[in-house]
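Below is one structure; the comments refer to it alone.
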Amino acid sequence: MSPKESSRRCPLCTAQAQWEMTQEGRDFYRCDTCALTFVPREQHLDAAEEKRRYSQHQNTIDNPGYVKMFTDKFPLLRKYCSDVKRILDYGCGPGPVLVELLRREGYEAIGYDPYFAPEVDLSRPFDLIISTEAFEHFADPRKEMERIAGLVTSHGYLAIMTRQRSEAVDLQSWWYVRDPTHVTFYAPRTFDWMAQYFGYRVLYQDRTNFVILQKVPSVGGSISENAIFGG
């Protein structure tokens, strides 16, 4: 079944994106410019339903699997992110587990979330911003990236954990698109575009679910040439 509109403006790079599929009442568009896949805004859940679903997540400090998801990334953060003191968990959810784990490691950490922690003090910049399983929920990824750019120090870091869409992924059968709160999907090439446009360089990219960017005044040469791809 074809959608009412065969193309839509990409919410990240603003280029025209082409319809790819319709599944469970949602249309999915793919942008050739930045490789973002997205669901149009009018098909997103409303704020009340979205918050209700997030509140049901069993993401607590007592969940070993959930804790391991974070601690498995700590060696990479220590390797690629130097001189880090202040850390922001951007999109921390109802239970700021990562904030607690970072504090145990000796960092000054706080969590921000539009639903569960909207009033935190963001007046001082952060050395590192971590966003874990949040980017796929962004209705306006361009706006979020612009905001993040204003919150990180001039040579600070942005670490993003979100499942990436490789060229081999069949969108129809990909489990990640079945969650109705997931509305934006990023390919490895999307992060190359984001780095170049928003003034970062790619320090680490595993092409699966984790990427580390560093903010720089200007980036010379090809972004992909600067990237270090993990195994």
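Residue numbers (this note's numbering): 137 to 367. C-beta: ideal position from N, C-alpha, C; glycine also. From a predicted model like this one, the values you see are computed outputs, not experimental measurements.
Distance, residue j Cα to residue i Cα
i	j	result
R301	D219	32 Å
L212	F346	10 Å
Y226	Y248	5 Å
R239	K221	10 Å
R144	Y165	7 Å
A183	A153	25 Å
R189	I296	22 Å
A171	P254	30 Å
F327	A151	16 Å
L287	I266	12 Å
D208	F321	23 Å
M281	Y251	18 Å
W329	R214	25 Å
D263	H291	8 Å
R278	W311	25 Å
Q332	R314	30 Å
E186	G242	33 Å
R283	A304	32 Å
P200	I246	21 Å
E141	T173	15 Å
R162	Q341	29 Å
W155	R337	30 Å
Cβ-based neighbour list, residue i, same chain, cut-off 7 Å, excluding 5 preceding and 5 following
i	result
H180	A275, V319
R343	Q300, S302, P324, F365
L339	Y216, I348, L349, Q350, I364
S270	Reading the sequence as shown, one finds Ala at residue 270 and not Ser. Closer than 7 Å at Cβ, skipping near neighbours: Y226, G227.
I368	In this structure the chain extends from 137 to 367, so residue 368 is not present and cannot be described.
Residue i versus the options, residue with shortest Cα-Cα distance
i	options	result
A323	T317, E241, D315, D306	D306
V175	M297, T169, E160	E160
G231	T344, Y216, Q192, M297	Q192
V256	F327, Y333, I223	I223
T298	T289, L287, E272, E241	E272
E178	M281, P316, D328	P316
D168	L148, A183, E185	L148
E244	P261, E280, S142, R283	P261
Opposing strand residues paired with residue i [DSSP bridges]
i	result
K351	Y336
W310	Looking at the DSSP assignment, W310 forms no beta bridge with any residue, so it has no partner.
A295	I266, I348
R162	Q159
E244	R222
F249	Reading the sequence as shown, one finds Asp at residue 249 and not Phe. Answer by DSSP bridge pairing, in chain order: A253.
V319	DSSP output for V319 lists no bridge partner at all.
A153	R144
F327	Looking at the DSSP assignment, F327 forms no beta bridge with any residue, so it has no partner.
V288	F262
Q300	Y322
Short Cβ contact (8 Å threshold) for residue i with residue j
i	j	result
F210	T268	no
Y88	L237	Because the chain here runs from 137 to 367, residue 88 falls outside it and cannot be looked at.
V235	V203	no
Own chain, CB closer than 8 Å to residue i, minus 5 neighbours either side, in chain order
i	result
Q308	M157, Q159
N195	Y202, G229, P230, G231, V233
T289	P261, F262, D263, K351
L258	L224, Y248, L287
C146	Q152, A153, Y165, C167, T169, C170, L172, F174
Min CB distance residue i to chain B below 8 Å
i	result
E280	Chain labels in this structure do not include chain B; a single protein chain is all it has.
6 Å Cβ shell around residue i - same chain, five flanking residues per side excluded
i	result
E361	With a pLDDT of 37 at E361, under the threshold of 50, the modelled position of that residue is not reliable, and the figure given next carries that caveat. The answer is none, since no qualifying residue turns up.
The ligand HEM heavy atom lying under 7 Å from the CB of residue i
i	result
V305	For the structure depicted, the ligand HEM is absent and the ligand set is empty, with no information on it obtainable.
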